[in-house]
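Right, one structure below, let's go through it.
There are 2 protein chains.
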Amino acid sequence: MKDIFGSIEAGGTKFVCAVGVGPEQYFRKVFPTTSPKETINKAIDFFSYYEKEGNLKGIGIGTFGPVNLDKKSEKYGVISNTPKLNWIDTNIHSPFQENFKIPIEIETDVNIAALGEYTWGGARYLNNFIYLTIGTGVGGAAIINGSLLKGSGHPEMGHIFLPKLKDDSFEGGCPYHYDQCFEGLVSGASISLRCGKKAFEVKETDLVWGLVAKYIALALVNYIYTLAPQKIVIGGGVMKQKHLLSKVRELVVRYLNGYNYSNINQDTINDFICAPSLGDNSGVLGGFVLAKNNFNLV
Amino acid sequence: MKDIFGSIEAGGTKFVCAVGVGPEQYFRKVFPTTSPKETINKAIDFFSYYEKEGNLKGIGIGTFGPVNLDKKSEKYGVISNTPKLNWIDTNIHSPFQENFKIPIEIETDVNIAALGEYTWGGARYLNNFIYLTIGTGVGGAAIINGSLLKGSGHPEMGHIFLPKLKDDSFEGGCPYHYDQCFEGLVSGASISLRCGKKAFEVKETDLVWGLVAKYIALALVNYIYTLAPQKIVIGGGVMKQKHLLSKVRELVVRYLNGYNYSNINQDTINDFICAPSLGDNSGVLGGFVLAKNNFNLV
């Protein structure tokens with residue numbers, strides 16, 4: 001019987017659960033993120049079948065944050081002051097570890113997506129890149145010298161402060177930084193608040209996308225100057241808006257204004273800023289990488 | 001005869017040259033940065049004496065940038081589009097390598113300062129921290145997982161875009177980003193332009209320091225959210241202004257507004273944001289680290 005692995009991409013809007021080994025062979029199930037108890041129980045039910053069969057060897061969980069990833073801490077696995085208020089103080093690790101006698105690894109949602117793109121996607125063979133997701137919230141991960149950037153805890157790249165555009169009177173959607181931070185200006189939740197409808201219902205011709213493109217480009221410039229990446233991969237629901245990626249590319253070149261060591265210009269920008277080559281599955285596939293890495297260490 | 005090492009901290013205002021082994025034993029000489037030829041020749045003269053004696057085993061150079069650090073490139077050692085216009089296209093490596101038959105290593109000025117603080121200063125035993133200098137220009141370096149963050153080239157942290165404060169009508173001092181980037185707002189050169197006198201001549205009671213503190217704090221928030229450092233060390237001439245550090249600490253806590261995983265708050269901020277414990281010598285001492293590392297590899 002072949003070994004398989006489990007993966008969870010725990011997002012603010014939906015949970016994606018999967019079992020398999022990699023992009024060639026896996027099965028996934030998606031359900032909405034509701035209360036912590038209900039949502040986690042659905043995920044446990046999904047994996048129970050495979051665990052009873054005996055061939056599920058580990059589960060990798062990528063969750064929204066901020067989440068405590070310090071294994072020595074009493075609060076390991078606990079989600080802290082997230083804008084998703086009913087999830088504050090939820091332990092997303094222990095219910096799985098208590099139910100299953102296999103290794104359960106956790107990371108941030110963007111970190112597993114970065115692992116997916118690094119292992120099977122467009123960032124293969126790159127030792128320094130950024131994975132950004134602009135969905136319900138905004139999150140970023142970086143691979144630096146071939147390892148996930150962790151530092152003290154994990155990055156919260158969505159919350160960097162950006163210049164507020166002069167023609168923008170929106171008061172912002174971040175409960176902590178209002179209109180000052182990237183997430184407060186361009187997350188799906190912020191766009192909904194700004195436009196009075198779901199982000200995916202906002203027409204392609206709406207002027208809001210011009211503002212959104214500018215804010216995304218400003219944020220990318222900041223990441224470029226801070227991390228000097230070889231590539232930036234941007235996923236998430238907001239990026240499904242047509243034309244956004246090409247506008248962002250054009251603006252990044254304009255804002256850098258020739259000042260960068262990495263030779264980012266009109267000719268190189270299409271390879272430098274890309275959509276995830278694994279589509280919506282960077283995260284859930286990266287969960288297998290996380291689960292397998294752990295299994296190798298056991 | 002004891003082995004000694006050479007170090008150069010090549011800054012926009014002054015060159016600091018030194019020979020020695022570490023903080024306990026070294027000799028340094030400082031001269032102003034003028035034309036590339038004159039300045040580099042003075043540095044070569046300084047080291048020639050020790051090289052002829054035969055105990056100088058290598059030189060580590062930390063330079064302002066952007067500089068090409070790719071050893072495989074034809075432009076290795078060449079400074080590119082810097083705001084210090086007469087230094088554009090200067091090779092800061094080859095004149096030393098041609099004159100001396102010892103290993104010559106180069107890095108950015110802030111990278112060697114980070115190496116100094118990491119080896120002998122306040123960041124010892126920390127695997128993730130940021131070294132920032134706010135002098136003639138603004139530069140940043142990061143140690144990530146115990147190694148210098150390099151990525152594609154090197155970071156240019158001074159050029160991140162910041163919110164422009166409402167009560168600030170200054171048009172900015174960055175030749176590439178005007179008043180949009182951190183350096184354009186708070187570098188020594190920008191403060192001089194803003195105030196019509198050298199930054200160190202601006203009185204402690206001048207209202208400009210309130211603005212400067214806010215911009216520095218906004219930039220630190222962005223670095224914190226992007227890199228999740230365990231500590232931020234800030235040096236450079238501008239930081240010699242009394243009260244600036246304590247204002248910055250207070251504002252960083254206020255701007256984070258409780259949203260950070262790393263538990264940065266009123267009680268921890270004094271240990272988190274610090275002046276360089278090696279004072280003005282983080283860079284020149286870090287040059288020895290760079291020179292020694294290289295020597296070990298030869």
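Just so you know, the protein sequences line up as chains A and B, in that order. The opening position of the first sequence corresponds to residue 1 in our numbering, with each subsequent residue numbered one higher. The opening position of the second sequence corresponds to residue 1 in our numbering, with each subsequent residue numbered one higher. Note that beta-carbon positions come from the ideal geometry of N, C-alpha and C, so glycine has one too.
When secondary structure is reduced to three states using DSSP, K75 of chain A falls in the coil class, being assigned neither helix nor strand. Between L290 of chain B and G60 of chain B, the gap from beta carbon to beta carbon is short of 8 Å.
By the beta-carbon neighbour count (other beta carbons within 10 angstroms, threshold 16), F200 of chain A is exposed. Taking a C-beta distance under 8 Å as the contact criterion, S277 of chain A and G121 of chain A qualify as a contact pair. Under the Cβ distance rule, E117 of chain B does not count among the residues neighbouring chain A, no pair being separated by less than 8 Å. When the alpha-carbon of G11 of chain A is set against those of A:I92, A:Y76, A:E74 and A:L69, the nearest one is in A:I92. In the DSSP secondary-structure assignment, G22 of chain B is bridged to B:Q25. With a threshold of 8 Å between beta carbons, F64 of chain B makes no contact with chain A. Closest option to D280 of chain A, judged by alpha-carbon separation, among A:D267, A:I273 and A:V238: A:V238. When DSSP reads this structure, A142 of chain A sits in a beta bridge with A:I130. Y178 of chain A and V253 of chain B have their C-alpha atoms spaced approximately 16 Å apart. Residue nearest to A141 of chain A within the set A:N260, A:L149 and A:N41 is A:L149 (criterion: CA-CA distance).
Inter-residue distance for S190 of chain A and P95 of chain A is about 31 Å (C-alpha atoms, whole angstroms). By the Cβ-count criterion, Q180 of chain B is buried, with 16 or more other Cβ atoms from all chains shown falling within 10 Å of its own Cβ.
For S169 of chain A, there is no enclosing beta strand (DSSP E), as DSSP gives it neither H nor E.
Chain order gives the chain B residues near Y223 of chain A as T226, where near means a beta carbon separation below 7 Å. Among the residues facing chain B, N265 of chain A is not included, as its CB has no counterpart in that chain under 8 Å away. For the alpha helix (DSSP H) assignment, the stretch 45–97 of chain A encloses no uninterrupted run of at least 4 residues. In this chain, E204 of chain B is not harboured by any beta strand (DSSP E), its DSSP state being neither H nor E.
Taking a C-beta cut-off of 8 Å against chain B, the contacting residues of the stretch 146–170 of chain A are S147, L149, K150, G151, S152, G153, H154, P155, E156, M157, G158, H159, I160, F161, L162, P163 and K164, listed in chain order.
I106 of chain B carries a strand assignment under DSSP once its states are collapsed to helix, strand and coil.
Runs of the beta strand (DSSP E) lying entirely within the stretch 197–258 of chain B, each at least 3 residues long, are 231–235 in chain order.
In the DSSP assignment, the residues bridged to P32 of chain B are B:K14.
At a cut-off of 8 Å between beta-carbon atoms, N257 of chain B makes contact with chain A. Counting only residues of its own chain and dropping the five nearest sequence neighbours on each side, N68 of chain A has a CB closer than 6 Å to the CB of K75, Y76 and V78. Not a single C-beta of chain B is nearer than 8 Å to the C-beta of Y131 of chain A.
Secondary structure of E183 of chain A (DSSP, three-state): helix.
Cβ proximity to chain B below 7 Å picks out Y176, H177 and Q180 from the stretch 176–199 of chain A.
Looking at the backbone, the Cα of F272 of chain A and that of K231 of chain A are separated by about 5 Å.
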